[in-house]
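A.B. asks: Mapping to the numbering used here: the sequence shown position 21 is 12, numbers consecutive.
A virtual CB, placed ideally from N, CA and C, is assigned to each residue, including glycine.
On a predicted model such as this, the values are computed, not experimentally measured, just so you know.
Take a look at this one; I'll ask things after.
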Amino acid sequence: MAAAATSPRPTSGRANVPNISGGALVAVTIHIPTPLRVYTERQASVSVEAATVGEALNALTTRYPSLTKHLRDGEGKLRSFVNVYLGEEDIRFLQKEATPIGAAADLTIVPSIAGGAA
């Protein structure tokens, strides 16, 4: 008698994004800045499962495709004016999008703000 196929993890609203890094998937909370919440159904934070920062961002943009153009350029690279922090560490000074998430399971997106008073 064949066993019924079951999913190893519940898919309760989580984006189905492949784990290309081979690392252990962890639950990640991505904090969304106010100007970008219009693209995440007004969510201040979004939970995904990923092993790296890049996988987490891919899961986020898979769930909310209209957010992609605000985070990535035409070549798929993270835009230069978008800063991403893993815990309190800027990923630009770590391994960028290849940074493993590990136990620090909070990502914060911080778009640069230009301009000011003259």
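1) Under 8 Å between the Cβ atoms of residue 22 and residue 36?
2) Determine the direct distance from the alpha carbon of residue 44 to that of residue 57, and round the result to whole angstroms.
3) According to DSSP, simplified to helix, strand and coil, what is residue 103?
4) Measuring CB to CB, does residue 74 end up less than 8 Å from residue 64?
5) Quick one: Cα of residue 47 to Cα of residue 34, how far?
6) For the segment 11 to 54, list the beta strand (DSSP E) runs that are entirely contained and at least 3 residues long, ordered along the chain.
7) Which residues bound the alpha helix (DSSP H) around residue 62?
8) Would you verify that the beta carbon of residue 40 is, or is not, closer than 8 Å to some beta carbon of chain D?
9) Rounded to whole angstroms, what's the CA-CA distance from residue 59 to residue 98? Just pull it up for me.
10) When burial is assigned at 16 or more other CB atoms within 10 Å of the CB, is residue 19 buried or exposed?
11) Can you tell me which of 68, 72, 71, 92 puts its alpha carbon nearest to the alpha carbon of residue 79?
12) Evaluate residue 104 with the Cβ neighbour count: other Cβ atoms within 10 Å of its Cβ, from every protein chain shown; 16 or more gives buried, anything less gives exposed.
C.D. replies: On the basis of the supplied data:
1) Yes, these two residues count as a Cβ contact at 8 Å.
2) 19 Å
3) coil
4) The answer is no: Cβ separation not under 8 Å.
5) 16 Å
6) 17 to 22, 36 to 41
7) 59 to 62 is the extent of the alpha helix (DSSP H) around residue 62.
8) No chain D is part of this structure, which consists of one protein chain only.
9) 16 Å
10) buried
11) 92
12) exposed
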